[in-house]
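Encoded as structure tokens, the structure appears first; notes follow it.
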DNA sequence: ATTATTGTATTAAGTGATTAATACAATAAT
DNA sequence: ATTATTGTATTAATCACTTAATACAATAAT
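Protein chains in written order, with the working numbering: chain A, 6 to 130; chain B, 6 to 130.
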């Protein structure tokens, strides 16, 4: 479940991305309470301070909020979540095409590779 | 030219990727001599030690080699370079589809988004 | 022969990320 | 009322990355 962190990016940033994906994908639903910091830290096998840092940043971005001693919750702003999902998807795509371009693939060549990949996928490989 | 490093990944790793792309794309040709460590360090605006570390790793991977006091060169192994290029392209693609899947897009939905993106690109946006 | 250029190694200092060990305030649960 | 649970803050120690300042050996250039 946890602990496949790249040694090369600060853990708290990797956690931010991971949780952002959970919220954007709907795996963590809007308005839903999330586990206490200490338990999340255990689940992710990191120090509570590190988890706290990640959650504080996500709160700064508006994706979660805190009720003083009750706990933390996913935002109830469905539009925000939807926007984040769209933005992430666009980022991933642009980053992908940009990398392929640096490798020397133009857009047509990149499309060709994608189509081959998808074809093989559909054949169950 | 340089100095747009993400604060979140060690610089020497970013340099490794950058140079690997240059070699894989053919921007740095096989067999070609590369600039001295000190000059590359200046071009990339990093410390010579940091550049040396990146180059040492690239040498370990076989992408460059050193002639004692003459300098460093891109490998002459065209097949290796071609393989690296193919591997990188595959990695980028798989990573992209994996991220999209985590966002809740299945392969068909991802293809739809790609096609829209490419269409807009062709219209010159 | 001498000089300049090449890669390489060493030592020291500064910075940020991470863990660890606590502690505290507010409130929900008993 | 008391206790447990919640988020949060603090201090210290460790580790990797990065820069800086040198120094050295081998060889190409002069």
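Don't be surprised by glycine CBs; every beta carbon is placed ideally from N, CA and C.
Which residues in the same chain have their Cβ closer than 6 Å to the Cβ of residue i, if we skip the five residues on either side of it in sequence?
i: residue 89 of chain B; result: 29
i: residue 55 of chain B; result: 16 and 17
i: residue 38 of chain A; result: 76 and 78
Tell me whether residue i sits in a helix, a strand or coil according to DSSP, three-state version.
i: residue 73 of chain B; result: coil
i: residue 78 of chain B; result: strand
i: residue 13 of chain B; result: coil
i: residue 88 of chain A; result: helix
i: residue 51 of chain A; result: coil
i: residue 103 of chain B; result: helix
i: residue 32 of chain B; result: coil
i: residue 97 of chain A; result: helix
i: residue 126 of chain B; result: helix
i: residue 18 of chain A; result: helix
i: residue 67 of chain A; result: coil
i: residue 113 of chain B; result: helix
i: residue 108 of chain B; result: coil
In this structure, what does DSSP give as the bridge partners for residue i?
i: residue 38 of chain A; result: A/78
Might you give, ordered along the chain, the residues of its own chain that have their beta carbon closer than 8 Å to the beta carbon of residue i, omitting 5 neighbours on each side?
i: residue 70 of chain A; result: 64, 77, 78 and 80
i: residue 58 of chain B; result: 17
i: residue 85 of chain B; result: 67 and 68
i: residue 124 of chain A; result: none
i: residue 34 of chain A; result: 79
Round the Cβ separation of residue i and residue j to the nearest angstrom and send it over; I've been treating them as touching at under 8 Å.
i: residue 122 of chain B; j: residue 98 of chain A; result: 6 Å
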